[in-house]
Structure formats: C-alpha cells, structure tokens
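Numbering (my numbering), first residue to last: 5 to 592.
The beta-carbon is built from N, C-alpha and C at its ideal position, and this holds for glycine as well.
What follows is a set of notes on a single structure, which appears directly below.
Shown next, in the form of structure tokens:
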C-alpha cells in the first residue's frame with residue numbers, strides 16, 4: 005500500500021524528483037570538490053615549506069663548505085668536544101672565533117639532521133648575527149655560542165607552526181623575548197627544530213616536517229614535544245638549545261636522547277612570543293627552558309638569561325637574578341624519594357638506575373627519606389587531562405580541522421570529536437573492565453560549566469597545598485623521582501599519554517624539575533622486562549612493555565625537583581647526581 009502510494013507520488017512529481025536528485029548530486033560533487041581543493045591547497049603549502057627547508061639546508065651546506073675551504077686548519081673535532089664553559093672562555097678570550105664555532109656546528113648539525121630529521125629550518129641570517137655580536141661593546145655570557153630553538157619559539161621572519169598548516173603564512177614580526185635576550189648575551193641562533201603536530205604528543209612527527217628519530221638508534225623515537233632539540237643536541241649537532249614543557253616536553257626528549265634538560269618554575273623565564281599549544285590554557289602553565297649535554301651548561305644558560313634585559317623586556321618575569329651561591333653550595337641535602345608514583349610502575353631499567361642513584365647519594369652523605377606523592381591517579385586524570393581537554397577537546401579539534409592529521413594525533417583527534425554523552429556512556433561501560441581508560445574518557449569530557457571550570461582551578465591549587473604540606477612535614481630540600489625511559493618505539497607515545505605521569509606531576513605543581521642521564525639499558529634489563537606486569541596489568545601496562553622493548557644501550561635518566569622558585573637548588577641537586585655518576589664511571 006505504502007509502496008504504491010510512493011510510486012504514485014513519484015510519477016506525479018517526476019520532474020521535481022529528477023531536479024531534486026540532480027541538485028543532491030551537484031551538492032555532493034561540490035562538497036567533494038571543495039574537500040579535494042582544500043587538501044590540494046594544504047599539500048601545496050606543505051610542499052612549499054619543504055622546499056624552503058631544503059633551500060636553507062643547501063645554503064648552509066654551501067656556506068659551511070666554503071668556510072672549510074677558506075679555513076682548512078680549523079680543528080672541528082676539538083671544537084665539538086669542548087664543554088659550553090670551555091667554549092665560552094675560548095670565544096671570549098679570542099682563541100676561537102665565532103665563525104669557526106658556528107660553521108663547525110652547522111656542519112655537524114647537517115649530519116645529525118640527515119640521520120634524524122630534527123631541523124625544520126636553518127636561520128639564513130647567521131652571518132648577519134655574527135656581525136651584530138662583534139659590534140657589541142661588552143661580550144655577553146654566551147658570546148659566539150651557536151644555539152638552536154624549538155620550532156614554535158618566535159623568530160623574526162619565520163613561522164611558528166606547531167606542525168599546523170594554517171600558521172605557515174604567519175611570519176613572526178619580531179623575535180620572542182627569549183631570542184632577544186639570547187642575542188643580547190651574544191648567542192647566534194642558527195636553527196629551528198621539529199615538534200609534534202599541535203605539540204600535544206611526545207612523539208615528534210607532523211605532516212609538514214615529518215618524523216624525527218632518535219640519535220642513538222634510528223628505529224626509536226626522540227620523544228616530544230621538544231624532540232627535534234633532543235635529537236640535535238643528543239647527536240652532537242648543537243651545544244645548547246631551548247624547548248618548552250607543559251607535561252614533560254623538555255624532560256622526556258632529554259631522557260630519550262641522553263642529555264640534560266631543565267624545566268624552570270613557570271614565569272621564571274619569559275614565554276612572550278612563544279606560540280602556545282592551546283590558547284588560553286592557564287590551569288597548567290607553559291614553561292620554556294634549556295637543554296644541553298650537562299648540568300653546568302644549563303646553569304650557565306640560566307645565569308645568562310636571568311638578567312636585566314629579560315626583566316626589562318617582560319615585566320611579568322620576577323626580577324630574580326641567578327643565585328650562584330645556592331647552585332655552588334656544598335651542603336648535604338635532605339632528599340625525598342619514591343621508587344614508583346603508584347600509577348606507572350617503572351620498568352626494570354628505570355628502577356635499576358633510580359636505585360643506583362639513591363645509593364650513590366646515600367654514600368655521599370645525603371639523607372634519603374621515603375616520600376609518597378599523594379593521589380597520582382587523581383593528578384593525571386582529574387587535574388592534568390581535564391586541563392588539557394578543558395573544553396572537551398574542541399580547541400584542538402578546530403586546530404586540526406584544516407590539516408592533514410598526523411598518524412600520531414589520530415587517536416587524540418578522534419577522542420576530541422566523540423560527543424560528551426558518548427564519552428559518559430563509555431566511561432560507565434569500561435569502568436569495571438579498563439578503569440584507566442574509563443577515567444581518561446571521563447576527564448576528556450572537560451568542564452561541564454564555567455562553575456565546574458572554576459572548581460577545577462581550585463582543585464589544582466588545593467592539590468599543590470596538599471603536596472607542599474607533605475613535603476614540609478619531612479623537611480625536604482629536594483625530591484628524587486624515576487624518569488620515563490628508555491626511548492619508545494614509534495607509534496606508542498600517542499597510546500601511552502598516561503605513562504608520562506612522572507613528568508606531568510611537576511607541571512601541575514608548578515615545581516622546577518630537571519633530568520640527568522645516569523646510565524643505559526643492559527641485557528639484564530631487557531630480560532627482566534619480559535616479566536613486567538605494571539600496577540594494573542592492563543592494556544596500558546602491556547603497551548608500555550612493547551613501547552620500550554629493544555632498548556639495549558639506550559640512555560636512562562632520573563628526575564630531580566624542588567619547590568617553586570628554587571630553580572638554582574634544583575640545578576645544584578642535578579649537578580650532584582651527575583657528578584656522582586661520573587665519578588662512579590671513572591672508578592669502574
């Protein structure tokens with residue numbers, strides 16, 4: 005009956021039906037055409053940027069070759085083996101020229117980026133920078149030192165893309181404050197380095213510049229989001245670089261690539277002119293900090309940056325110069341420590357180097373006190389993830405809308421596009437079976453209202469107070485914590501955001517924190533990894549094993565932390581850890 009009626013209607017309105025069908029086809033074709041044109045436009049922009057990158061590499065290669073021919077006596081190996089302290093002394097006393105140092109590092113950086121794909125662009129104004137620093141009446145603390153910076157740190161005339169196509173045409177009109185201060189101190193900025201798309205991942209890959217690999221093993225990742233810096237410095241192509249950190253983005257690449265990295269207290273260094281990953285996210289603050297081969301280099305860098313020029317250019321930075329006395333003090337420390345945060349159980353390699361470090365500190369006369377960080381599962385799910393996806397992921401989703409989404413971001417992009425009601429249903433379904441997944445989905449709903457958002461800010465402040473109260477009960481100076489490592493196999497960081505619990509904690513707390521390389525993976529570590537179950541023995545713990553397996557010989561680190569604005573004490577503790585391990589190595 006209904007079918008007959010429908011046939012009668014279609015027969016009576018055959019012309020109209022054909023017109024509607026034709027219009028539907030036209031709309032569908034038009035939408036497909038627009039999508040195709042948009043993708044073509046994106047691919048064209050990516051191609052243009054890749055050509056710009058290649059041209060900068062070729063130009064610097066020619067300049068380095070030309071300089072080498074004109075200066076055949078330059079001992080590149082000797083320059084590359086100098087510490088930052090030795091290098092700055094020789095540059096300041098004139099026994100080394102800035103040109104010799106720059107082109108030596110450019111040549112090495114070209115070699116490293118061919119192996120790891122860590123550089124997004126070389127600064128073609130290097131020679132102009134050299135001429136400018138020679139005009140300075142006073143030689144700054146970083147006079148003639150070649151420095152690399154993370155891709156989203158603003159530099160005049162260059163884009164800060166965060167791996168997103170829409171920012172390729174937005175060339176910076178001026179240098180960021182950090183770059184201005186570095187130049188004032190005589191540094192030469194020579195390269196920008198790769199990042200993950202949106203910066204919200206600790207695997208460095210994006211559709212514009214591609215994947216960055218580990219300098220110690222090309223089958224492994226360099227971590228992120230400052231992975232380009234980690235790979236370049238870890239491979240010897242830069243002596244000092246700058247990254248940013250909102251959940252571990254300085255410390256994770258430093259650990260994976262075998263270097264020292266420092267996340268200062270928020271606002272200790274200016275982030276003016278640094279493009280944020282999520283605009284307006286203030287519950288957890290973005291920090292900028294140095295990465296280098298050793299702790300002395302980090303301290304020298306902080307000393308150079310914490311100067312009148314920084315405080316003048318950005319009045320929001322507290323005018324606190326570097327306190328050399330605290331960094332140099334030989335006094336013994338009261339050190340809190342924890343072998344596990346109760347959320348991510350350290351793998352055998354992580355645990356071994358942590359316990360070795362604890363033992364060395366005890367033997368050196370320091371007091372080691374067990375310390376249990378409160379409620380880490382709450383910190384990760386309720387505080388950190390709910391901050392990162394405070395609007396349910398809408399901002400991130402919008403940023404990815406006009407892009408080719410990198411494979412590392414596809415899971416996160418999908419999560420951002422799941423309706424809140426579906427996330428809520430999935431939470432109740434998965435809670436009995438996969439509690440960590442379930443809580444992640446619940447937190448990914450973001451704030452339900454402005455009131456809820458304010459409550460979230462209050463909860464973070466209350467947790468900071470709770471943590472500091474526990475710290476003060478034990479009269480701690482510093483805390484020693486495990487550090488995630490070794491370097492992951494590609495594809496796993498995007499599935500294991502929770503594994504970064506050790507670094508995320510100190511972003512929530514707004515504590516300065518740094519990592520020091522203290523060892524490497526042994527065959528015994530690899531064997532013991534086969535028996536790893538984790539705290540939950542769930543899917544995430546099983547993925548963690550797959551992520552780190554095959555890490556023989558890769559670097560391992562520990563993490564050091566102090567209370568806010570005790571940055572110099574944190575560096576002093578890091579230096580102690582580094583020195584003790586170096587002494588042990590010499591005796592072995």
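Proximity to residue 366 [Cα-Cα], best of 336, 383, 282: 336
Of the listed residues 457, 122, 535, 465, nearest to residue 284 (C-alpha basis): 457
First and last residue of the uninterrupted alpha helix (DSSP H) at residue 398: 398-405
Residue environment, residue 479, which counts as buried when at least 16 other CB atoms sit within 10 Å: Only exposed fits residue 479, as fewer than 16 other CB atoms lie within 10 angstroms of its CB.
With 16 other Cβ atoms within 10 Å as the buried cut-off, status of residue 58: exposed
Contact set for residue 481: own chain, Cβ-Cβ below 6 Å, skip 5 residues either direction: Counting only Cβ-Cβ distances below 6 Å, and skipping sequence neighbours, we find 337, 338.
Where residue 10 sits in the DSSP three-state scheme: With a pLDDT of 46 at residue 10, under the threshold of 50, the modelled position of this residue cannot be trusted; read the value that follows with caution. Here residue 10 sits in helix by DSSP.
Opposing strand residues paired with residue 209 [DSSP bridges]: 215
Complete alpha helix (DSSP H) runs within the stretch 434-501 (minimum length 4 residues, chain order): 439-447, 454-477
Coarse secondary structure for residue 335, derived from DSSP in three states: Coil, per DSSP.
Runs of beta strand (DSSP E) wholly within the stretch 347-432 (minimum 3 residues, chain order): Fully enclosed beta strand (DSSP E) runs of 3 or longer: 371-374.
Reference residue 80, options 241, 382, 133, 483, closest by Cα: 241
Three-state secondary structure (DSSP) of residue 35: Summary for residue 35: the model assigns pLDDT 47, below 50, so the residue's position carries little reliability; its value from the coordinates is reported in the next sentence. The answer is helix: DSSP assigns residue 35 an H, G or I state.
Straight-line gap, residue 120 to residue 543 (C-alpha atoms, nearest Å): 30 Å
Straight-line Cα distance separating residue 132 from residue 88: Answer to the nearest angstrom: the Cα atoms are 23 Å apart.
Delimiting residues of the alpha helix (DSSP H) encompassing residue 238: 231-238
For residue 169: DSSP bridge partner residues: Bridge partners of residue 169: none, in fact.
heavy atom of the ligand NAD below 7 Å from residue 513 C-beta: Of ligands this structure carries none, so the ligand NAD is not represented either.
Close beta carbons around residue 468, own chain, < 8 Å, minus the five adjacent residues each side: 512, 513, 514
Inter-stretch contact (C-beta, 8 Å, three-pair minimum) for the stretch 188-208 and the stretch 132-149: yes
Any 3 or more C-beta pairs closer than 8 Å across the stretch 353-372 and the stretch 403-410: No, the stretch 353-372 does not touch the stretch 403-410.
Boundaries of the alpha helix (DSSP H) in which residue 314 is found, first to last residue: Residues 312-317.
Span of the alpha helix (DSSP H), counted from its first residue to its last, around residue 1: Not covered by the structure: residue 1. The range shown for the chain is 5 to 592.
DSSP three-state assignment for residue 520, whether helix, strand or coil: strand
Three-pair Cβ contact test at 8 Å for the stretch 67-81 versus the stretch 104-115: yes
Where the beta strand (DSSP E) containing residue 152 begins and where it ends: 150-154
Whole-angstrom C-beta distance between residue 216 and residue 208, which should lie under 8 Å: 4 Å
Pairwise C-alpha distance: residue 439 and residue 445: 10 Å
Given residue 379 as reference, the closest of 466, 585, 496, 210 once Cα atoms are compared: 466
Where the beta strand (DSSP E) through residue 244 begins and ends: 244-249
Exposed unless 16 or more other CB atoms sit within 10 angstroms - verdict on residue 323: exposed
Cβ pair count under 8 Å reaching 3, the stretch 340-358 against the stretch 305-324: no
Residue 320 (DSSP reduced to helix, strand or coil): coil
Residue 35 to residue 200 span [Cα, whole Å]: Any reading at residue 35 must be qualified, since the residue scores a pLDDT of 47, below 50, and its modelled position is unreliable; no value is offered.
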